[in-house]
Amino acid sequence: MTDLADLTIAQARAGLRDGSFTSIDLLDAAQRRAAVSEPHLHAYLTIDREGAREAAVAADRSIADGDTRPLVGIPIALKDNMVTKGVETTAGSQILAGWTPPYDGTAVRRLREAGAVIVGKTNLDEFAMGSSTENSAYGPTRNPWNTDTVPGGSSGGSAAVVAVGSALGAFGSDTGGSIRQPASLTGTVGAKPTYGLVSRYGLIAFASSLDQIGPIAQTVPDAATLLEAVAGWDPLDATSFHGDVPAISRSLDAGVGGLRIGVVRELVGSGIEPDVLGATQATIDRLADAGADVVELSVPAIEYALSAYYLIAPAECSSNLARFDGVRYGLRVDGATTEEMMAKTRADGFGPEVIRRILLGTYALSAGYYDAFYGQSQRVRTLLRRDFAAAYDQVDVLVSPTSPSTAFEIGSKTADPYTMYLSDICTIATNLAGDPAISVPVGLGNDRLPIGFQIMAPALGEEVMFRVAAEVERGAAFVERAQLATSEVVTP
Amino acid sequence: MTEWEAVIGLETHVELQTNSKMFCGCPVDFGDDPNTSVCPVCLALPGALPVPNEDAIEGILSIGDALNCTLTEHSLFYRKNYFYPDLPKNYQISQYTFPLCVDGRLEVDVDGEATTVGITRVHMEEDTGKSTHVGEGGRIHGADHTLLDFNRAGVPLVEVVTEPDIRSPEQARAYGMELQRIVRALGVSDARLEEGSMRFDANISVRPAGTEVLGTRTEVKNVNSLRSMQRAIAFEIERQIEVLESSGSIHQETRHWDEAAGVTRPGRTKEESEDYRYFQDPDLLPLQIDEAWRDRVVERRPELPAAKRARYRALGADQRTAELLVDAGDLAALYEGAVERGANARTVGIWLTGEVVRYLRSAGTDVGDTGLTAESLAELASMTDAGELSATAAKDVLAAVLAGEGAPRAVAEDRDLLQISDRSAIETEVAAVLDQHPEALERIRDGDTKPIGFLVGQVMRATGGKADPRMVQELIRGEANG
Amino acid sequence: MPLVLLLAAPVACTGTISDMPIDIDIARVAGLARIALTDDELAEYAAQLENILDHAERVQALPTEGVEPTSHPLPMVNAFRPDVVTGSLGRDEALAGAPEAEDGYFRVPRILDES
Ligand SMILES: [Mg+2]
Ligand SMILES: [Zn+2]
């Protein structure tokens, strides 16, 4: 018999509807899987047994009354930078240890209203700053494919729980690749929506002009279902998109016949591992075979994206994280004066990567440097948007690898921050442009670790993006599961 | 000896009395209980985001319009970054480049001399929380610890910045008063300095008269009335002149006005120069104020104090009366009501700004709590103009009307205070008195005017004081010359 | 819609950084950021920042004269809320996370350093 923890959301939904099992059964399966995998992974920071059980009981009652909404009764995990009322939310930081929010973020509220069962909060790089989930104040998360390697980051916890089956779906946040890169490294599907498509209200801010909440799932249709549950205008987020939500999952079966697909020249060259390039090329060939018109083209300003990102994101974070001062919530370290208390609290409460970025951003915004750093980076952003616009004049979507490499070993990149930053080389540009992008697993590397393929689309181009993603998924026929998720490991 | 000239610019913060705060749905009208009008947004809880209050934007546009500003089409919110415990986010959402209103002017008048004060900008921001310093008499110096109440955090705040066009403490006060009148007339704020809903900071420097170069300025804060603003500026000007005349130099610094001691003192010295790291707030969208919106603001502009004063002057009020009436809105309403009912505007103005104000002051009450209405005021004015009441009698009648004892005519009749202004009745009394005093009449005819007073007195006595003395005198003179 | 203005955030031009040696007054930066660091920590962060900025300086190479900066990924304007009271947290809820509270207030140490 199939372990319910191995089901996709679509399969679980069908089973709930026809009465094969209950939401409680699904929750039990996910929690059993967590019990086995967590000692190896440390993907969850909080497991909300009580809240999840209540939600599952309510979902079962609702399903019995004929509720067929796509997420009702489905166990979902949330990255711990998403604010959950009554459930500890730390953003992976010591400075928020023990903080129990008095409110729900909008995406969280929509998930609850959709009947989803929120099983727990997942680990992340502190305040989503990192590409490996090693920067968590609560210890790293490991990759279920090989626990000597990282799951990617910063949404490494969310990616790991989906890969291992301790939740059927999860949400993360993506500021420079933090959903797509861990999805790539864990063999899952991860999507960053168009900036503004999902409300940021209740997402603990890292870089406001770049952050987006998005789904991580086992399949492309599951990712579409998750995204549809949270997308749409929110009066509590001034930057949320006030218009019609794209028909995200309408064209999943439409194929790619007649679509024009552009391979981004700058992202298929040096710096990308050969087996990643090989898998990327194979995927592109399959898309061409499926009827797409494939061309290679250039988005020149991508060369500058990483530099611009590492000035913009720290600048915004230096201001966003100023509120953590020991006055109203979170950690306080005593001091003789308020100023001293604040400075000590922040020194002790933030980890080194967060401090590094706050200092970098403070410097970049300070008088005399503003225009050269922040101002210039925002102009680079304009150039990047222009280059993307020119590319989308020629093609419907752009493609590239998601990550330059498969999962790397824990500790291998922590010594040099800049080396770590290079992990985001393929993903950052779309955050700067505000465009959507998705990562789909397409195979395994020589190290038997997953390789992800990235599809990028113009703003609000989710429909065509998911359409291509679904074709990539069908073509890749990627059926392998993480080692920790296989039955010989999980069955005692 | 050098003649010195003061150069003063004012920064004014005005709290807008909207229903809800600038960026969240907490009420602006909160009670005394601390931390009861707070939410995730204004407490800066992790994850919370600001969304601007549309009416607050409209409020600032109306202020900008009233100050003759250009309402800018494209405007932006910035973050002003600095750490302070009463500032929940440790940045204030404010404006920097592209404020909502720019390049305005306000005419102010000191003793009939008009000055135009340039308005550099009017921008939108948010208020901070309130700190209570515990220990050492509630002062920040020597305090043991501080208590924070965030009810006020996030209340919409408008900052009005002038050009350094003000030259005297009196002008500064006049500017403050006129700005206060304007925001009150617009109905956007009660603008009370004592309660902090209007706050002034003054940038002050001095320079030798006739020179153009600006001296080093100090910023004076902490004035909680217009009178203390005037005193603080006067003190600071004198202090700077003294320093300069004794070959000292002025340091650019913030100084706090000590009301009790009547001096300004240096504020907290900061080792680091201010570096607010302004950048455009990525949580907020650009503002686009289209023509329709700007037109709507102009259309809704109420009659502003200057226009109202001009109208009252045209009706015959003198400058002082016009000012007084405009400043006391409830008296102005009575004034307009009485004039509408046909009363002489001058007479009404004199009564209102004289006897009525005296009565209200001594009784410590508002005119709304008295029996005086526009109707009764109009009646009183026409009775005095027609000579039906003597000045003394009119005062008594007014007092009775204010005390709610009835309408003027009824009161005058009740108390038998009506003057005899029936000419023939008085003629009869005059003839009788002249018959009794032929010698007095002779002396008047010989050119001696002294007996006129005596004869008037006799007639007044005979009529029990109710004859109109002007008419009596006129009749006696008529007889003597006839 | 004049996109150029909507996205504009003009600031005083302070020259280019390419001829500006990166020399960070790290103690001042840490002060502005309100983070208490030891001298050793400061030195380490300064070295790391200089290394990152050496790479980030790359953005200087791109000619951007006449290019308006992008501050928002989507060219949207005017998101407002109506002036309606939508409620507040209860005071207990507001103070629940406070490291120190007193009589309904958040409590902090004294503001001024008078040692
Ligand atoms: Mg201000
Ligand atoms: Zn609030």
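Residue numbers (this note's numbering), protein chains in the order written: chain C, 4 to 495; chain G, 27 to 508; chain H, 521 to 635.
Every residue, glycine too, gets a C-beta built ideally from N, C-alpha and C.
For G:ASP175, the enclosing beta strand (DSSP E) starts and ends at 171–175.
The C-alpha of C:GLY123 lies about 31 Å from the C-alpha of C:GLY448.
In this structure, the C-beta of G:VAL67 approaches ligand 2 to less than 6 Å from one of its heavy atoms. Closer than 7 Å to the CB of G:PHE124 there is not a single CB belonging to chain C. For G:GLU185, the distance from the CB to the nearest heavy atom of ligand 1 is below 6 Å. In this structure, C:PRO404 keeps its C-beta atom at 7 Å or more from the C-beta atom of C:GLY190. G:ARG449 and G:ALA506 have their C-alpha atoms roughly 17 Å apart. With 16 or more other CB atoms across the displayed protein chains lying within 10 angstroms of its CB, C:ARG36 is buried. Taking G:ARG131 as reference, the option from G:TYR201, G:HIS149 and G:TYR104 with the minimal CA-CA separation is G:TYR201. Ranked by Cα distance from G:LEU205, the first of G:GLU468, G:VAL383, G:ALA74 and G:ASP91 is G:ASP91. Annotation for C:LEU99: THR93 and GLY333 place their beta carbon closer than 6 Å to its own, counting only its chain and skipping 5 residues before and after.
A distance criterion of 6 Å places the beta-carbon of C:CYS320 beyond contact range of ligand 2, judged by its closest non-hydrogen atom.
Look at H:TYR625 here: in three-state DSSP terms it is strand.
Along the length of the stretch 416–463 of chain G, whole alpha helix (DSSP H) runs at least 4 residues long occupy 417–428, 434–440 and 449–462, reported in chain order.
Taking all protein chains in view, the Cβ of C:THR433 is crowded by 16 or more other Cβ atoms within 10 Å, so the residue is classified as buried. Residue state for G:HIS167 is assigned as coil, using DSSP reduced to three classes.
Between G:VAL249 and G:ALA258, the beta carbon gap of about 5 Å places them in contact (Cβ cut-off 8 Å). Three or more Cβ pairs closer than 8 Å define a contact, and the stretch 116–131 of chain C meets that threshold against the stretch 33–52 of chain C. With a cut-off of 8 Å on Cβ pairs, the stretch 122–141 of chain C is in contact with the stretch 155–167 of chain C, counting three or more such pairs.
One thing to note: G:THR172 has its Cβ within 7 Å of the Cβ of H:ILE631. Taking 7 Å as the cut-off, the beta carbon of C:VAL167 is found no closer than this to the beta carbon of C:ALA410.
In terms of CA proximity to G:GLY491, G:ASP442 leads the group G:ARG503, G:GLY504, G:ASP442 and G:ILE478. When distances are taken from the beta-carbon of G:GLU151 to the heavy atoms of ligand 1, the shortest one is below 6 Å.
Separation of the CB atoms of H:ALA614 and G:VAL77 is rounded to 20 Å, and the pair is thereby denied contact status at 8 Å. With respect to C:PRO154, C:LEU127 sits apart: the two C-beta atoms are not nearer than 7 Å.
Taking 7 Å as the CB threshold, C:VAL86 stays off the interface with chain H. Within the DSSP bridge table, the entry for G:ILE119 names G:ARG105 as partners. Within the stretch 258–301 of chain C, complete alpha helix (DSSP H) segments of at least 4 residues are found at 277–292, given in chain order.
Between G:ASN61 and H:TYR625 a beta carbon distance of about 7 Å is seen, short of the 8 Å cut, so the two are scored as contacting. For the stretch 576–603 of chain H, the set of positions with a beta-carbon nearer than 8 Å to some beta-carbon of chain G reads SER591, HIS592, MET596, VAL597, ASN598, ALA599, PHE600, ARG601, PRO602 and ASP603 in chain order. Within the stretch 303–345 of chain G, the runs of alpha helix (DSSP H) that reach at least 4 residues and sit entirely inside it are, in chain order, 317–325 and 331–341. Your pair C:GLY175 and C:ILE79 does not check out as a contact, with CB atoms roughly 12 Å apart and the cut at 8 Å. In the structure shown, G:LYS247 falls within a strand segment according to DSSP collapsed to helix, strand and coil. Scanning its chain for C-beta atoms nearer than 6 Å, with the 5 sequence neighbours on each side dropped, one finds around G:GLU162 the residues GLY168 and ALA169, in chain order. Here the alpha carbon of G:LEU69 sits roughly 55 Å from the alpha carbon of G:GLU431.
Within the stretch 612–623 of chain H, those residues whose Cβ lies closer than 8 Å to any Cβ of chain C are, in chain order, GLU613, ALA614, ALA616, GLY617, ALA618, PRO619 and GLU620.
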